[in-house]
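*Asks:* One structure, pasted below without further comment.
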Amino acid sequence: VQLQAYGGGLVQIGGSLRLSCAASGRTFTLGWFRQAPGKEREFVARINKSGGLTVYGDSVKGRFAISRDDAKNTVFLQMTNLKPEDTAVYYCAGGRGWSDKARSYDYWGQGTLVTVSS
């Protein structure tokens with residue numbers, strides 16, 4: 761399975777951005793992680809196979825929303841009320857488990873940069 765993330769860019773504080781990740785094959789749990797310069801990779805959100813269950817990291821709860829469209833083999837991350845601390849490279853990931861640990865995911869996209877600036 762190959763994952764291709766896109767949609768990153770430069771956005772102002774308080775703005776919104778939607779990330780997308782297209783999968784080449786069948787996936788189960790899909791998740792988003794992010795990594796800021798000099799920091800460890802951080803769990804952002806995950807969604808189960810049916811799309812009926814979602815989990816978010818504490819730092820993005822209430823601001824980000826994950827969804828999936830299996831007809832298009834795509835997972836989305838809608839980000840709102842963006843803050844400077846959201847600046848990072850965002851990665852999509854796929855796996856068979858149900859975890860917020862990066863090591864639980866077998867497939868990774870190449871990452872897309874989100875920069876939040878005033």
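Each residue of the sequence shown is one higher than the one before, counting from 761 in this note's numbering. Ideal Cβ placement from N, Cα and C applies to all residues, glycine included.
With the cut-off set at 8 Å, would you say Val876 and Thr840 are in Cβ contact?
*Replies:* Taking the first residue of the sequence shown as position 1, residue 876 is located at position 116. Taking the first residue of the sequence shown as position 1, residue 840 is located at position 80. Result no, Cβ atoms of Val876 and Thr840 do not sit closer than 8 Å.
*Asks:* With a 10 Å radius around its C-beta and 16 neighbouring C-beta atoms as the bar for buried, classify Gly854 as buried or exposed.
*Replies:* The sequence position of residue 854 within the sequence shown is 94, counting from 1. So Gly854 counts as buried.
*Asks:* Leaving out the 5 sequence neighbours to the left and right, which residues in its chain are closer than 6 Å to Gly791 when beta-carbon positions are compared?
*Replies:* Taking the first residue of the sequence shown as 1, we reach residue 791 at position 31. Closer than 6 Å at Cβ, skipping near neighbours: Arg806, Ala853.
*Asks:* Would you check if there are 3 or more beta carbon pairs closer than 8 Å linking the stretch 761-771 to the stretch 805-823?
*Replies:* The stretch 761-771 vs the stretch 805-823: no contact.
*Asks:* Would you identify the three-state DSSP class for Arg863, choosing helix, strand or coil?
*Replies:* Stepping through the sequence shown from its first residue, residue 863 is reached at position 103. It is helical.
*Asks:* Below 6 Å CB to CB, which residues in the same chain sit around Leu842 once its five sequence neighbours on both sides are set aside?
*Replies:* Locating residue 842 in the sequence shown gives position 82, counting from the first residue. For Leu842, where only same-chain residues beyond five positions count, the Cβ hits under 6 Å are Val771, Gly775, Val876.
*Asks:* Asp846 by DSSP, collapsed to three states: which one?
*Replies:* As a first step, residue 846 is located in the sequence shown; it is residue number 86 there, counting from the start. Asp846: helix per DSSP, three-state reduction.
*Asks:* Mark Ala783 as exposed unless 16 or more other C-beta atoms lie within 10 angstroms of its C-beta, in which case mark it buried.
*Replies:* Counted from its first residue, the sequence shown places residue 783 at position 23. Ala783 is buried by the Cβ-count criterion.
*Asks:* Name the DSSP bridge partner or partners of Val815?
*Replies:* Position 55 of the sequence shown, counting from 1, holds the residue named residue 815. In DSSP, Val815 forms a bridge with Arg806.
*Asks:* Assign Gly869 to one of two classes, buried (16 or more other C-beta atoms within 10 Å of its C-beta) or exposed (fewer than that).
*Replies:* Within the sequence shown, numbered from 1, the residue matching residue 869 stands at position 109. The residue in question, Gly869, is buried, as its Cβ has 16 or more Cβ neighbours within 10 Å.
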